Every structure is written in C-alpha cells, then in structure tokens.
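*Asks:* Numbering (the numbering used here), first residue to last: 4 to 142.
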C-alpha cells in the first residue's frame, strides 16, 4: 500500500564528510607555536583554507605563527613541492614531477578573509614568484 507521504526517499549518497575529517587528531593538551604550511595553500580551495585552520585552532597556541608560500605564477607544479631547511635563511625545494596545473594566485586580501583569527604580520615577494606570508594567530 503506497500512499503519498507514507514513505521517505533516501538520498543516493550520504553527504560528504567535512574537510579534514579524521585528520589532525591530537590530544587536547597539544599546542602548536608554528605551522609551516609551505605551498599547501596553493592546493586548497579557498573554503578549505578556512576549514583547515578551524580544524587546527583548538591546538594553536596564542601567537602561533603560520608561514606559507603562495605562487603568483599562472601555473604551479601539480603537487606541492618538497621543502628542506638547509641553514638559517636558506631553503631548498624540489617539484615532485613535471606536471603543471593552473595557479590559484590567492591574494593577501583573500587569505586574510579566510583566516579571520590570524593577522598578517609580514609579506615578502621572492624572486621566484612566490609570495611569502607570515600570519599571527590571535584566536
């Protein structure tokens, strides 16, 4: 016996989990003073930048620094680069392969809008077309 309203239509699939669900799970007492995001921001959708910081915020110490590099180039490597700190003030980075994708070219204003609990402390344009950002957590 099928009557209008007598049954419920189930959606074809469950809603997707929130970004970063199951990642960055730390004991409650863990606090970070520094996050080296390197060029990860270039590979995140704008709303995922905010979601990542929200996910980490319970573990950020007051005045935690967030360091990131954002490309101003039209194309970027298809995967985040591999970074190594060589000495104080010297950084080495290598692409993980030859494939390229369009660069998102996040502006300082767009990043600040996605990081409301952070203040932009410093920005520096590097010769290789990367914009270096240092944000300070004020949450």
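Idealized CB from N, CA, C, for every residue including glycine.
The model shown is predicted, which means the values in this text are computed figures rather than measured ones.
Alpha carbon to alpha carbon, what distance is there between residue 136 and residue 127?
*Replies:* Taking the straight line from one Cα to the other gives about 7 Å.
*Asks:* Quick check for students: name the residue ranges of the beta strand (DSSP E) that lie wholly in the segment 23 to 51, counting only runs of 3 or more.
*Replies:* Complete beta strand (DSSP E) runs here, min 3: 35 to 41.
*Asks:* Tell me the residue span of the beta strand (DSSP E) that contains residue 114.
*Replies:* From DSSP, residue 114 is part of no beta strand (DSSP E) but of the alpha helix (DSSP H) over 111 to 117.
*Asks:* Can you give me the C-alpha to C-alpha distance between residue 61 and residue 80, rounded to a whole angstrom?
*Replies:* Using only the alpha carbons, I get a separation of about 32 Å.
*Asks:* Please report the distance separating the alpha-carbon of residue 5 from that of residue 104.
*Replies:* Any reading at residue 5 needs caution, since the residue's pLDDT is 48, under 50, leaving its predicted position unreliable; the model's value is listed next. Roughly 52 Å separates the two Cα atoms.
*Asks:* Alpha carbon to alpha carbon, what distance is there between residue 124 and residue 16?
*Replies:* Whole-angstrom Cα-Cα distance: 43 Å.
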